[in-house]
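Letter by letter, the sequence shown follows residues 9 to 138 of the numbering used here.
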Amino acid sequence: MSVNTWNRTENRKLEALVKAIELASHSIICCDNDNIFPKRHRHSINADIIKEAKLVVKVINRANTRDLYTEFEDRLALQNQALDTLADLEMDLQIAFLALKPNITERKLDNWLRLIDETRTLLKRLMKAN
9 MSVNTWNRTE NRKLEALVKA IELASHSIIC CDNDNIFPKR HRHSINADII
59 KEAKLVVKVI NRANTRDLYT EFEDRLALQN QALDTLADLE MDLQIAFLAL
109 KPNITERKLD NWLRLIDETR TLLKRLMKAN
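What follows is the structure, given as structure tokens:
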């Protein structure tokens with residue numbers, strides 16, 4: 009059975025946004041954990057990670073509100089901004105991992121990076137569907 013193209017695009021928009029929200033939620037929970045990020049690192053590392061994770065959600069949401077046909081270039085620019093922010097977040101996590109290696113386990117980092125990669129993949133799939 010075929011699915012209306014509009015429904016597929018709407019589902020992709022929702023999937024990317026939901027995964028970004030999951031990433032932001034995970035980032036906030038981990039950054040607020042004193043066992044992972046000691047309080048002395050809250051302003052130097054945590055603030056950037058949380059800010060970028062939340063920005064990804066906001067930018068994807070803004071892009072999703074743009075009309076696919078009349079505001080395509082604006083929508084694409086916002087989606088590219090979300091991809092750039094995901095890359096920044098990934099780099100901040102790598103830095104945090106090296107700086108706080110005993111606190112951030114490789115398993116924790118891998119899980120976090122997997123969420124970033126899943127968000128990126130869903131966003132790229134949405135961009136391709138545009």
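Idealized CB from N, CA, C, for every residue including glycine.
Asked                                                                                                                                                                               : Found
In three-state DSSP terms, what is I44?                                                                                                                                             : coil
Given a cut-off of 8 Å on the beta-carbon distance, is the pair A24 and L94 in contact?                                                                                             : no
Could you give the first and the last residue of the continuous alpha helix (DSSP H) run that contains R122?                                                                        : E114 to A137
Could you check how far apart the C-beta atoms of L121 and H34 are, in whole angstroms? I think they sit under 8 Å.                                                                 : Going by Cβ atoms, the distance from L121 to H34 rounds to 11 Å, so no, they are not a contact pair.
Rounded to the nearest angstrom, what separates A71 and A85 at their Cα positions?                                                                                                  : 8 Å
For the region 63 to 116, which segments carrying the alpha helix (DSSP H) assignment without a break, of at least 4 residues, lie completely within its bounds, in sequence order? : 80 to 107
Beta carbon of L91, beta carbon of L130: below 8 Å?                                                                                                                                 : no
Pull up the CB-CB distance for I144 and K136, whole angstroms please, since I reckon it's below 8 Å.                                                                                : Nothing in the structure corresponds to residue 144, since the chain is present only between 9 and 138.
Distance, Cα to Cα, R74 vs D96?                                                                                                                                                     : 24 Å
From K62 to D56, what distance separates their C-alpha atoms?                                                                                                                       : 10 Å
When you compare each of L108, E79 and V65 to V26 by their alpha carbons, which one comes out closest?                                                                              : V65
Return the residue from the list I68, L76 and H51 that minimises the CA-CA distance to L22.                                                                                         : I68
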